[in-house]
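To start, the structure itself, in structure tokens.
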Amino acid sequence: APHRTHSFAKKTFHKPTYCHHCSDLLWGLIGQGYGCEVCNFIVHERCVGQVVTPCCGVAPSLIKNPVAHCWSEPTHHKRKFCTVCRKRLDELPALHCMICEYYVHGECVDFAAADCKENATYCAGSEPRHVHHWREGNLPANSKCAACRRACCSAECLTGYRCEWCGTTCHAGCRALIPDECNFGMLQPIFLPPSAVSIPRTEVPMEAIIGVHVRPPPSQRDFGCPRSVSEEFSSGCEGRSGSGGGSTGAPADQEHRPDHKQHRDRTPDDRDEEVVKVYDGEAAWSRRLYRPVVVGRNWNERELVSAALRAFHVARDPDQFELTDALAGDEPPLKDPTPLARVTRLPNKRPALFLRFKEPETGGGEVRVYPGRVAGAGETFVTVPCSGDDTVADLMA
1 APHRTHSFAK KTFHKPTYCH HCSDLLWGLI GQGYGCEVCN FIVHERCVGQ VVTPCCGVAP
61 SLIKNPVAHC WSEPTHHKRK FCTVCRKRLD ELPALHCMIC EYYVHGECVD FAAADCKENA
121 TYCAGSEPRH VHHWREGNLP ANSKCAACRR ACCSAECLTG YRCEWCGTTC HAGCRALIPD
181 ECNFGMLQPI FLPPSAVSIP RTEVPMEAII GVHVRPPPSQ RDFGCPRSVS EEFSSGCEGR
241 SGSGGGSTGA PADQEHRPDH KQHRDRTPDD RDEEVVKVYD GEAAWSRRLY RPVVVGRNWN
301 ERELVSAALR AFHVARDPDQ FELTDALAGD EPPLKDPTPL ARVTRLPNKR PALFLRFKEP
361 ETGGGEVRVY PGRVAGAGET FVTVPCSGDD TVADLMA
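Each residue of the sequence shown is one higher than the last, beginning at 1 in UniProt numbering.
As structure tokens, this is what we get:
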């Protein structure tokens with residue numbers, strides 16, 4: 001169930017806050033609702049079991065056929081929310097997908113789910129069936145739910161859903177009441193469906209793409225050749241920017257202001273916590289891209305790893321990861337009882353840590369295999385064990 005992918009905890013909100021599921025106001029003085037510690041999803045206590053939106057730390061793994069986004073240049077957006085961290089985009093430059101209107105902060109782009117619209121789905125011999133492509137939040141003003149006819153847009157939080165094909169809008173809880181089949185709305189008479197479009201492939205003859213077999217006359221030599229087409233392209237413009245390893249990120253001196261606003265007015269002596277820089281690998285280290293994480297000075301190793309995983313929107317077992325000292329020569333892992341006390345510190349610099357995946361004791365690992373367009377695939381992905389000596393052929397077997 002989607003609501004089980006969130007890490008909900010009871011929260012007390014000190015200003016008017018709205019439920020991201022039903023868009024209603026949270027009432028009360030203390031403990032008004034629940035908030036996800038990973039993606040900031042806020043919900044009523046009565047709505048916890050009805051949440052249909054998966055956590056952003058799990059959403060990328062639920063996509064059967066990933067399609068990369070086509071990102072715009074960083075710019076300022078008014079009255080929009082980040083689809084990853086669910087916070088406003090007013091203060092910082094942000095990007096949006098020019099295909100499917102996916103809005104995201106510059107520093108959150110690496111955690112965006114690769115679920116862009118697929119504009120070319122033709123497959124010879126298959127029965128075309130087109131379904132809605134839902135995008136959460138940032139709905140047009142005065143949007144009405146197609147199921148209950150009530151307003152489903154909100155200027156206070158990321159809520160509601162909109163089909164990127166036909167423009168149908170609805171509440172998150174009403175989405176199950178809408179038929180899966182999409183008819184492209186008022187554009188149906190003039191709309192060319194994706195099932196009628198194929199991606200140009202210069203190395204494959206056009207006859208093979210459209211499923212037509214032409215037998216040449218036996219007395220003549222076959223001078224047929226693949227039809228010349230333009231350079232390959234895709235609906236997601238994968239060559240420009242990928243969702244998992246996009247080149248756009250926040251510089252080291254640009255930190256997420258909302259995350260640190262509450263700590264500006266207090267000196268380190270007034271609080272038993274500090275900010276550490278966490279990198280997710282050598283590539284992030286060379287580009288000086290890190291996630292600032294507020295941690296307690298007396299936290300144990302598991303608490304530090306859990307906080308780092310939340311910063312990177314990773315919803316996995318903390319026991320599978322470890323933090324290492326990035327400034328030490330041999331990069332030693334942090335160990336209890338006082339892991340931060342042993343971290344290398346430079347004058348006027350914050351501690352720098354690497355978030356590492358622990359090497360399995362067996363010496364092997366595992367990979368996730370997604371079905372893509374394979375018909376009849378019931379599971380989102382399957383996990384295949386592997387070792388360092390395995391090849392692609394071994395995995396396929």
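We put the CB at the ideal spot given by N, CA and C, even for glycine.
Which one or two residues does DSSP pair with residue i in a beta bridge?
i, result
"R291", "V278"
"T169", "R162"
"residue 418", "Because the chain spans 1 through 397 in this model, residue 418 falls outside it and cannot be assessed."
"K15", "DSSP lists no partner for K15."
"A352", "K277"
"F191", "Per DSSP, none; premise fails for F191."
"G296", "E273"
"L389", "Inspection of the sequence shows that residue 389 is occupied by Asp rather than by Leu. Looking at the DSSP assignment, D389 forms no beta bridge with any residue, so it has no partner."
"D115", "V67"
"E181", "V131"
"K144", "A151"
"P332", "Per DSSP, none; premise fails for P332."
Roughly how many angstroms lie between the CA atoms of residue i and residue j, to the nearest whole one?
i, j, result
"I199", "N119", "9 Å"
"I190", "F184", "10 Å"
"K349", "L327", "11 Å"
"T383", "C56", "20 Å"
"A94", "D180", "32 Å"
"P339", "E359", "20 Å"
"R227", "P385", "Low per-residue confidence applies at R227: pLDDT is 40, beneath 50, and the placement is therefore not dependable enough to give any value."
"A252", "A146", "Annotation note: pLDDT 39 at A252 (below 50); position unreliable, coordinate value reported separately. About 44 Å."
"R310", "F354", "14 Å"
"S7", "W165", "32 Å"
"E303", "L323", "11 Å"
"F321", "D280", "11 Å"
"T344", "A352", "8 Å"
"A151", "N142", "7 Å"
"K297", "V276", "Here residue 297 is Arg; the residue named in the question, Lys, does not match the sequence. R297 and V276: Cα-Cα distance of roughly 10 Å."
"D330", "N65", "40 Å"
"P268", "A341", "For P268, the pLDDT reaches just 47, beneath the cut-off of 50, and the residue's location in the model is therefore unreliable, although a value from the coordinates is still provided. Looking at the two C-alpha atoms, the distance is approximately 15 Å."
"V278", "A308", "7 Å"
"T121", "P193", "9 Å"
"H105", "L89", "7 Å"
"T83", "Y161", "12 Å"
"L92", "P60", "24 Å"
"I178", "C163", "11 Å"
"E45", "Y18", "12 Å"
"V294", "A196", "51 Å"
"V52", "K80", "21 Å"
"residue 399", "I30", "The chain is shown only over 1 to 397; residue 399 falls outside these bounds and no answer can be derived."
"C148", "I63", "28 Å"
"K87", "H20", "12 Å"
"F41", "G125", "42 Å"
Taking the continuous beta strand (DSSP E) assigned at residue i, which residues delimit it?
i, result
"V392", "Here V392 belongs to no beta strand (DSSP E); instead the alpha helix (DSSP H) covers V392 to M396."
"D272", "Unbroken run through D272: none, as it is neither H nor E."
"C386", "V382 to C386"
"G365", "G365 to V369"
"T121", "Element bounds for T121: n/a, residue is neither H nor E."
"R150", "It is not in any beta strand (DSSP E) - R150 carries neither H nor E in the DSSP assignment."
"E361", "No beta strand (DSSP E) contains E361, which DSSP labels as neither H nor E."
"L323", "F321 to D325"
"E136", "W134 to E136"
Return the first residue and the last residue of the alpha helix (DSSP H) that residue i is part of.
i, result
"E303", "E301 to A311"
Quick check: is the beta carbon of residue i nearer than 8 Å to any beta carbon in chain C?
i, result
"T5", "Of the protein chains in this structure there is only one, and it is not chain C."
*At least 3 beta-carbon pairs within less than 8 Å: the region 275–293 vs the region 327–338*: Result no; under three Cβ-Cβ pairs closer than 8 Å.
*Three or more beta-carbon pairs under 8 Å between the region 63–71 and the region 4–18, yes or no?*
no
_Whole runs of the beta strand (DSSP E) within the region 22–110, excluding any shorter than 3 residues_ = Whole beta strand (DSSP E) segments, 3+ residues: 33–36, 94–96 and 103–105.
*the region 123–131 in contact with the region 94–112 per 3-pair CB rule at 8 Å*: Contact between the region 123–131 and the region 94–112 is not established, with fewer than three Cβ pairs separated by less than 8 Å.
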